[in-house]
Ligand code: UTP
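In the working numbering, the protein residues as written are 28 to 308.
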C-alpha cells in the first residue's frame, strides 16, 4: 500500500436513504450494490488506493449489515472453501486483512456536520478524508479522487472539498462554492452556500461527497449554528473555516455518480456493467 500523510477516512453512513424506500427500510443505503459490490466497498477501495488503512464509519440504527460486511463470515468461508465461487470473496478478504474498521453511532440524524463531529472520537487529532459512499467516483485514466486530493493537501495542508460543474438549475441539490483560482483546478474558497436556489447560487461549482479535513474542523462545527432544514451543515462549518484560514475547492478528474438518487444509481449500474463487459472480453 502506498504511504500517505492521511491514514484515516470517515464514512458518514447514518442517513435514512429515504429516496430508496422501501429498499432501505431494513437495509442501509450504503449496502445497495452496483453489480455485485456494495456502494460502501467502492468508497473503501478508493480510500485504500489513496494509502488510507483506517476506515471510521458513522452508523445508525439498522446499519449492522455494514459491520458484518467488513468482518469474516466463518460459516460462509467454510461453505465456499475450495468451490468455484471462492474467488468472489478475494477482494473483500483483502480489504478485511489490510484495513482496520472502527464504528460509532449517530443517534439522531442532525445533518452531515453533526455526523462528522460524531467521528471525532474515531479520528482524534489527525487530518482525515471523508467519503460519502453514495457518491461513487471513478477515474480510469489515473489516480482516484481521494488520491488526487491528498496530493493537494500535502502542498497546502488545509481543508479541501471536491467540486464539479453542474447545470445551474441543479444547484439547489448541492453545496455550492465560489472562489479564486490559485492553480489549475484549485480554488481558494470565498463563499459557500448549502442547496441555494439557482437564482442565488454563487456559481455552478457543486461540492460532491469527498473532503479532506483538518482536525480543527471539529471545533468549528461545534461553533456553527444549525442551518438549512434544521440540520448542522458541513458547508456552513467550512465557510467559517474559510473565513478563519483557508479552504480549497478542487475540480477533480474522473466521473462521479450520484447513487443516492435512483437515476444516478441506474447510470452507475449501466456504466460498470459495460466496463465489466469490456474487461472480460
Ligand atoms: P443525504 O443527504 O444523501 O441523506 O446524506 P440520506 O438520508 O442518506 O438520503 P435521503 O436523502 O433520505 O434519500 C448525505 C450523506 O450524509 C450522511 C448520509 O448517510 C449520506 O452518506 N448523513 C446525513 C449522516 O450520516 N447523518 C445525517 O444526519 C445526515
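Where is the CB? At the ideal position from N, CA and C, for every residue including glycine.
Using a Cβ-Cβ cut-off of 8 angstroms (strictly less than) and excluding sequence neighbours within five positions of residue i, which residues of its own chain qualify?
i	result
residue 195	225, 228, 231
residue 289	46, 47
residue 334	In this structure the chain extends from 28 to 308, so residue 334 is not present and cannot be described.
residue 104	116
residue 66	56, 57, 58, 59, 60, 160, 161, 163, 286
Within 10 Å of its beta-carbon, does residue i have 16 or more other beta-carbons around it, so buried, or fewer, so exposed?
i	result
residue 293	exposed
residue 101	exposed
residue 168	exposed
residue 260	buried
residue 283	buried
residue 146	buried
residue 73	buried
residue 251	buried
residue 90	buried
residue 68	buried
Near residue i, what residues of its chain come up, given a Cβ to Cβ distance below 7 angstroms and the 5 sequence neighbours on each side ignored?
i	result
residue 216	204, 206, 269, 274, 275, 276
residue 209	215
residue 241	154, 185, 186
residue 253	259
residue 272	185
residue 54	92
residue 109	none
Figure out for me which residue from the options has the closest Cα to the Cα of residue i.
i	options	result
residue 267	80, 149, 220	220
residue 163	57, 101, 151, 133	57
residue 24	244, 175, 233	Because the chain spans 28 through 308 in this model, residue 24 falls outside it and cannot be assessed.
residue 257	165, 246, 138, 218	138
residue 239	253, 104, 173	173
residue 281	68, 50, 191	191
residue 198	213, 223, 52	223
residue 32	304, 79, 284	79
residue 151	73, 34, 140, 306	34
residue 134	112, 108, 105, 87	87
residue 124	109, 75, 248	75
residue 264	303, 140, 37, 126	140
residue 30	200, 304, 66, 178	178
residue 303	244, 285, 193, 64	64
residue 4	244, 103, 67, 77	No answer is possible for residue 4: it lies beyond the span of the chain, which begins at 28 and ends at 308.
residue 310	111, 106, 200	Because the chain in this structure spans residues 28 to 308, residue 310 falls outside the shown range and cannot be described.
residue 127	308, 38, 83, 107	83
With residue i and residue j assumed to form a contact (beta carbons below 8 angstroms), what rounded beta-carbon distance in angstroms separates them?
i	j	result
residue 279	residue 62	Contact doesn't hold; Cβ gap of about 23 angstroms is too wide.
residue 131	residue 149	6 angstroms
residue 85	residue 142	5 angstroms
residue 81	residue 129	7 angstroms
residue 18	residue 70	For residue 18 there is no data in the structure shown, the boundaries of the chain being 28 and 308.
residue 236	residue 306	With a Cβ gap of about 26 angstroms, residue 236 and residue 306 do not count as contacting.
residue 202	residue 262	4 angstroms
residue 156	residue 286	Rounded, the Cβ-Cβ distance is 18 angstroms, inconsistent with contact.
Just to confirm my understanding: we take residue i, look at its own chain, exclude 5 residues before and 5 after, and list those with CB closer than 6 angstroms. What are they?
i	result
residue 166	280, 281
residue 218	205, 229
residue 296	61
residue 243	none
The ligand ADP and residue i: does any heavy atom of the ligand fall closer than 8 angstroms to the residue's C-beta?
i	result
residue 106	What this structure holds is the ligand UTP, not the ligand ADP.
Handout entry: Validate contact between the stretch 178-188 and the stretch 37-47 using beta carbons, cut 8 angstroms, 3 pairs
Key = Contact between the stretch 178-188 and the stretch 37-47 is absent: fewer than three C-beta pairs spanning the two stretches fall below 8 angstroms.
Exercise for the section: Assess, as a yes-or-no matter, whether the stretch 90-99 is touched by the stretch 116-135 under the definition of 3 or more beta carbon pairs within less than 8 angstroms. Expected result: Contact holds: three or more Cβ-Cβ distances are below 8 angstroms.
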